[in-house]
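A quick write-up on the structure given underneath.
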Amino acid sequence: MAPKLKIILLTPITLILILAIKLFIPAKENVKTKQEYFWTLKTHTPDKFDIIVMGDSRIYRGISPEDLTKKLPKTSAVNLGFSSAGFNDLYFSFAEEKLKKESKTKVILLGISPHSLTPSALKNEELKSYLNKSKTDVFKITKLANIYKTLNIITPSQISNNLTNTNKPYTNYNQEFYTNGWVKSSNKNPNINIALYKYQNIFNDNKVSEEAINNLSDQINKWTKKGIKVICFRPPSTVEMEQLEDSLSGYNEVEISQKIITNGGYWININSKNYVSYDGSHLHYQSAIKLSKKLGLDIERIIKQAK
Amino acid sequence: MIFNSIEFLIFGLLFFVAWPYFKKQNQRRWFFLTSMSFIFYGWWDWRFLFLIIGSGLIDYFCGIAITKYPLKKRLYLIISLIGNLGSLSIFKYSTFFANIADDICQWFNISSHFSTSIPEFAIILPVGISFYTFQSLSYTIDIYRGRLKPTNQIFHFFSYLSMFPQLVAGPIIRARDLLAQLQTDRIASPLQKWNGIKLIAFGLFQKVVLADNLSYFIDSAFEGKGNISGLPYWWTVTIAFAFQIYCDFSGYSLIARGLAKYMGYHFKMNFNHPYLAKNLKMFWERWHISLSTWFRDYVYIPLGGSAKGFFYGIVFMCITMILSGLWHGANYTFIIWGGLHALFLTIERLTKLKRRITNFGFGSLAIVITFIQVCIGWVYFRASNYHQANDIIAQLFNFSDMSLNFISTYFDNLFYLWLAIIIEICISIRRKYSSIYTLYKKYNLDIIMVALAIAMSIFMRGEGKQFIYFQF
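Given below as structure tokens:
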């Protein structure tokens, strides 16, 4: 066959092959691409909101902005929780930027876990990695996401499952990524000891920092002076986890809450017994919805009181 | 800008749309090629352009001066050597040398701060510096030796030095091969274009399907994330890395050659199935051929080669291999890697064992032995320090732990290792039995193979990564 003909034939043959692959091997959504899109959008969204939710993984899995604002009409909210996020100036300025300037009900909701006040969390590695993404990368990830979606990756296990007609679960973790920043999470085999085991060593040489608490208090003071309502709480997990954290991390909930109230913030007490965790640290999505609704009512009450 | 990116897709389309117009006239062709190559290179960091332009200008003017002032030609060669090796030392080796100096001072209880005193700009390693520096050096050395006439056209020179397909990771092209090609309007025949497309498709497949899909498994192992040990595991990791680096680098070279071919130029082959080599000498004739021949022509032979006798031949070979190791990176691990190859080559020269094995009809055994030697070398190449490499080598020969549990965990990644091995075996069989190749040609199976390579590069692509050799 003449090379010219080969060049001409290559395009239709490749297209037929691509179509055949798309038809016969239904690709699974690429989790990595989806996650990349979720985190990049969360970091670089140009949108502004009335309510900003801040915290670590317990927050991005534990607070659904949609349920938070159910009783707050015409109020927008976003969950800006990041993995192992720590409360420092970088995180504060990043979050403040996302607040709607003209909003009459500016609220910052802080989920203060013991880990979020430790030196390792204050590095904010995850947040930094997304903040450092170049404009080109952000454009590619957020704007060209649909192209990537149609070209989802097919893994050898998927092919093997298709051929053998089996559908083995790839992971026990179920995660759904919402554009408002929430990750709806659950696990097929819940086990509250998973996180307990991990947290036994997490505070070794990594205790709650007094400096971080003072810095957070100062920031709350600054925000309050700007007319922003700062509402804080300890994200619920399990009773066992709270006991473990209290004994190992140096987290003193009473002391922290008093400092926050002194600086103009609000503290909401949450009872972990009312919620269900699937791994001992993060809330099952049904509990996350319940918590979000409860916090929504608390925000409504605080706003009304302030008026 | 990397080949497997959307930016390059757009860049490539724009380039090939405009190329037929610009290529017809010499000055226009050189200017277009140079400007597009600078855009391609400056995409990483526009400041890198100063370095390539600076070192290029030194060699361009030194090349002219060598022929114009033959009595002072040694001086101009030295200027060129200082310019090129100087910038390489500053940007690539300053931290390494400073650390060595600090270590030496520490032995003698002298306080020193060489490593912390290095200016910030010298810590950044410009992409592909080793490649274009060597390419530029060969230009002046060849002129000095009277094997090449310098070009008086500055854009002609820069279109050779910075030609984008091979700028950041080779192949290292000799001026006498490419300058002449750049001097005329070369029209790519349909066959050349088809061969170019084939090379690009196969190169992309090697990179994004094979190399990228192996990277997670290998990175997890070397970063200790897998928390797995045992002899089978570490041999699998080592073999996987052997194929990752091969597919990554060979993939880049194939794409570079394909792009050049589509433009009407010819770059020599850079990889020729090195893991099918029956001894290490053959391996080095098949692995990164443009660099191996560079070291042969500009280091090994000028030192004396094998002309000064068997003993000196071995000494010069050892020097060349260690320098080649150092070329790859500023770390002790690369020197050890070069040293290990020198040691194995010395044993090979002294015993001629593998040649005997092959002569007895056990060619496959010779291939396996050579591959194992290469793999042991790769451990030092990949490890972050020699302590880690030594630990891994100990694991490779620790027969007490034979666990295979990792296979199910990394099933998806290891699939690509098998695929890479099977492809190499198929190529070996195809080379041995010409009838298979005849059938392959008769039924035009190459169209199907190219289409399959493209489809797999789309649907089975791994996590996008930089080409490994960019760091060199």
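So the protein lines, in turn, are chains G and X.
Per the working numbering, the first sequence starts with residue 741, numbered consecutively.
Per the working numbering, the second sequence starts with residue 30, numbered consecutively.
For every residue, glycine included, the Cβ atom is placed at its ideal position computed from N, Cα and C.
Please read all numbers here as calculations on a predicted model, not as lab measurements.
- Using a Cβ-Cβ distance under 8 Å, would X/Ile-247 count as near chain G? As a first step, residue 247 of chain X must be located in the second sequence, where it is residue number 218. No - not a single Cβ of chain G is within 8 Å of the one on X/Ile-247.
- Beta-carbon proximity of G/Leu-1023 to G/Leu-849, cut-off 8 Å: Along the first sequence, read from residue 1 onward, the residue named residue 1023 of chain G stands at position 283. Along the first sequence, read from residue 1 onward, the residue named residue 849 of chain G stands at position 109. No; because the gap between Cβ atoms is not below 8 Å, this pair is not in contact.
- Item | G/Lys-1044 in three-state terms, based on DSSP | Sequence index remark: in the first sequence, residue 1044 of chain G carries index 304 (1-based). The DSSP-derived three-state label of G/Lys-1044 is helix.
- Could you tell me if X/His-295 is buried or exposed, where buried requires 16 or more neighbouring beta carbons within 10 angstroms of its beta carbon? To locate residue 295 of chain X, count along the second sequence from 1; it is residue 266. Counting every other CB atom within 10 Å of its CB across the protein chains shown gives X/His-295 a total below 16, marking it as exposed.
- From X/Tyr-122, X/Tyr-161 and X/Gln-210, residue whose alpha carbon lies closest to that of X/Gly-354: Against the second sequence, residue 354 of chain X aligns to sequence position 325. When only C-alpha atoms are compared, the closest one is X/Tyr-122.
- Query: What three-state label does DSSP hand G/Gln-694 in the structure shown?
  - Reply: This structure cannot speak to residue 694 of chain G, because chain G is shown only from 741 to 1047.
- Item | C-alpha gap between X/Ala-336 and X/Ile-483, whole angstroms | Position 307 of the second sequence, counting from 1, holds the residue named residue 336 of chain X. Position 454 of the second sequence, counting from 1, holds the residue named residue 483 of chain X. When rounded, the distance between both Cα atoms is 48 Å.
- G/Ile-960 and G/Asn-1003 look like a contact to me (Cβ under 8 Å); what is the Cβ gap, rounded to whole Å? Working through the first sequence from its first residue, we reach residue 960 of chain G at position 220. Working through the first sequence from its first residue, we reach residue 1003 of chain G at position 263. Rounded, the Cβ-Cβ distance is 5 Å, consistent with contact.
- Task: Keeping to the same chain, check which residues put their C-beta closer than 6 Å to that of X/Phe-12; ignore five residues upstream and five downstream.
- Result: There is no way to answer for residue 12 of chain X, as the model of chain X reaches only from 30 to 501.
- Message: Let's see if you can read the secondary structure: which residues bound the alpha helix (DSSP H) around G/Leu-884?
- Response: For the purposes of this step, residue 884 of chain G is identified with residue 144 of the first sequence, where counting begins at 1. G/Leu-884: not part of any alpha helix (DSSP H); DSSP gives it neither H nor E.
- Any C-beta of chain X under 8 Å from that of G/Ser-860: Sequence index remark: in the first sequence, residue 860 of chain G carries index 120 (1-based). No, G/Ser-860 does not count as interfacial toward chain X.
- Report, in whole angstroms, the separation of the C-beta atoms of X/Thr-162 and X/Ser-66, which I expect to be a contact under 8 Å. Position 133 of the second sequence, counted from the start, is the residue given in the question as residue 162 of chain X. Position 37 of the second sequence, counted from the start, is the residue given in the question as residue 66 of chain X. With a beta-carbon spacing of about 16 Å, X/Thr-162 and X/Ser-66 fall beyond the 8 Å limit used to define contacts.
- Message: Using beta carbons (cut-off 8 Å, strictly below), is G/Thr-895 in contact with chain X?
- Response: Your numbering for residue 895 of chain G matches position 155 in the first sequence. When Cβ-Cβ separations below 8 Å define contact, G/Thr-895 makes contact with chain X.
- Grab me the residues of G/Gly-826's own chain with a C-beta within less than 6 Å of its C-beta, minus the 5 sequence neighbours each way, in chain order. Here residue 826 of chain G refers to the residue found at position 86 of the first sequence. Taken in chain order, the residues that qualify are Ser-856, Ala-861, Leu-862 and Asn-864.
- Message: With H, G and I counted as helix, E and B as strand and the rest as coil, what does DSSP make of G/Lys-969?
- Response: Counting from 1 along the first sequence, the entry for residue 969 of chain G is found at position 229. DSSP, read as helix, strand or coil, puts G/Lys-969 in strand.
- Task: Use the C-beta contact count for X/Val-238: other C-beta atoms within 10 angstroms, 16 or more gives buried, fewer gives exposed.
- Result: Indexing the second sequence from 1 puts residue 238 of chain X at position 209. X/Val-238 should be labelled buried.
- When you compare each of X/Gly-390, X/Ser-413 and X/Gly-342 to X/Leu-379 by their alpha carbons, which one comes out closest? Along the second sequence, read from residue 1 onward, the residue named residue 379 of chain X stands at position 350. Restricting attention to X/Gly-390, X/Ser-413 and X/Gly-342, the CA atom closest to the CA of X/Leu-379 is found in X/Gly-342.
- Item | Backbone secondary structure at X/Phe-300 - three-state DSSP | One-based indexing of the second sequence puts residue 300 of chain X at position 271. Coil.
- Query: By DSSP, does G/Val-948 sit in helix, in strand, or in coil?
  - Reply: Within the first sequence, numbered from 1, the residue matching residue 948 of chain G stands at position 208. In the structure shown, G/Val-948 sits in coil (DSSP, three-state: anything other than H, G, I, E or B).
- Task: Taking G/Lys-938 as the reference, give the member of G/Asp-877, G/Leu-984, G/Asn-929 and G/Glu-806 with the closest Cα.
- Result: Locating residue 938 of chain G in the first sequence gives position 198, where the first residue counts as 1. Closest option to G/Lys-938, Cα to Cα, is G/Leu-984.
- Would you mind sorting X/Gly-317 into buried or exposed? The rule is 16 or more other CB atoms within 10 Å of its CB. If you number the second sequence from 1, residue 317 of chain X lands on position 288. It should be noted that the sequence gives His, not Gly, for residue 317 of chain X. So X/His-317 counts as buried.
- So X/Phe-126 packs on X/Asn-360, CB below 8 Å; how close in whole Å? Position 97 of the second sequence, counting from 1, holds the residue named residue 126 of chain X. Position 331 of the second sequence, counting from 1, holds the residue named residue 360 of chain X. The distance from the Cβ of X/Phe-126 to that of X/Asn-360 is about 12 Å, inconsistent with a contact at the 8 Å cut-off.
- Query: For the segment 217 to 231 of chain X, which residues have a beta carbon sitting closer than 7 Å to at least one beta carbon of chain G?
  - Reply: Residues passing the 7 Å Cβ filter: Pro-219, Leu-220, Lys-222, Trp-223 and Ile-226.
- Cβ separation of X/Phe-60 and X/Phe-40, assumed to be a contact under 8 Å, to the nearest whole Å: One-based indexing of the second sequence puts residue 60 of chain X at position 31. One-based indexing of the second sequence puts residue 40 of chain X at position 11. Under the criterion of beta carbons closer than 8 Å, X/Phe-60 and X/Phe-40 do not qualify as touching, at roughly 17 Å.
- Query: For X/Thr-438, is the classification buried or exposed, using 16 other Cβ atoms within 10 angstroms of its Cβ as the cut-off for buried?
  - Reply: As a working mapping, residue 438 of chain X is identified with position 409 in the second sequence. X/Thr-438 counts as exposed, since fewer than 16 other beta carbons sit within 10 angstroms of its beta carbon.
- Query: Taking the C-alpha atoms as reference points, what is the distance between G/Tyr-910 and X/Tyr-462?
  - Reply: Working through the first sequence from its first residue, we reach residue 910 of chain G at position 170. Working through the second sequence from its first residue, we reach residue 462 of chain X at position 433. With a pLDDT of only 49 at G/Tyr-910, under 50, the local geometry of the prediction cannot be trusted, and no value is derived from it.
- Given that a residue counts as buried once 16 or more other Cβ atoms are within 10 Å of its Cβ, and exposed if not, what is X/Asp-171? On the second sequence, position 142 is the one that residue 171 of chain X refers to. With 16 or more Cβ atoms within 10 Å of its Cβ, X/Asp-171 is classed as buried.
- Task: Give a yes or no on whether the minimum CB-CB distance between X/Ile-284 and chain G is below 8 Å.
- Result: Here residue 284 of chain X refers to the residue found at position 255 when the second sequence is read from its first residue. So no, X/Ile-284 is outside the interface.
- Message: Counting only beta-carbon separations shorter than 8 Å, does X/Leu-382 have a partner in chain G?
- Response: In the second sequence, residue 382 of chain X corresponds to position 353, counting from 1. So no, X/Leu-382 is outside the interface.
- Quick one: does X/Ile-451 have its CB under 8 Å from some CB of chain G? Residue mapping note: residue 451 of chain X aligns to position 422 of the second sequence, counting from 1. No - not a single Cβ of chain G is within 8 Å of the one on X/Ile-451.
- Nearest CA to the CA of X/Ser-167: which residue from X/Ser-218, X/Ile-107 and X/Phe-120? One-based indexing of the second sequence puts residue 167 of chain X at position 138. Ranked by how close their Cα comes to the Cα of X/Ser-167, the residues X/Ser-218, X/Ile-107 and X/Phe-120 have X/Ile-107 in first place.
- Below 8 Å between beta carbons: does that hold for G/Trp-963 and G/Pro-805? In the first sequence, residue 963 of chain G corresponds to position 223, counting from 1. In the first sequence, residue 805 of chain G corresponds to position 65, counting from 1. 8 Å or more divides the Cβ of G/Trp-963 from the Cβ of G/Pro-805.
- Query: For X/Arg-460, which option in X/Ser-244, X/Ile-87 and X/His-302 has the closest C-alpha, if you only look at C-alpha atoms?
  - Reply: The residue you call residue 460 of chain X lines up with position 431 of the second sequence. Restricting attention to X/Ser-244, X/Ile-87 and X/His-302, the CA atom closest to the CA of X/Arg-460 is found in X/His-302.
- Message: Helix, strand or coil, according to DSSP, for X/Phe-389 in the structure here?
- Response: Position 360 of the second sequence holds residue 389 of chain X. Coil at X/Phe-389, not helix or strand.
- For the beta strand (DSSP E) holding G/Phe-917, just list the boundary residues, first then last. As a position in the first sequence, residue 917 of chain G is number 177, starting the count at 1. Where G/Phe-917 is concerned, the enclosing beta strand (DSSP E) stretches over 913 to 917.
- Contact list for G/Thr-780 against chain X, beta-carbon separation under 7 Å: Counted from its first residue, the first sequence places residue 780 of chain G at position 40. Within chain X, no residue comes near G/Thr-780; the closest Cβ sits about 14 Å away, beyond 7 Å.
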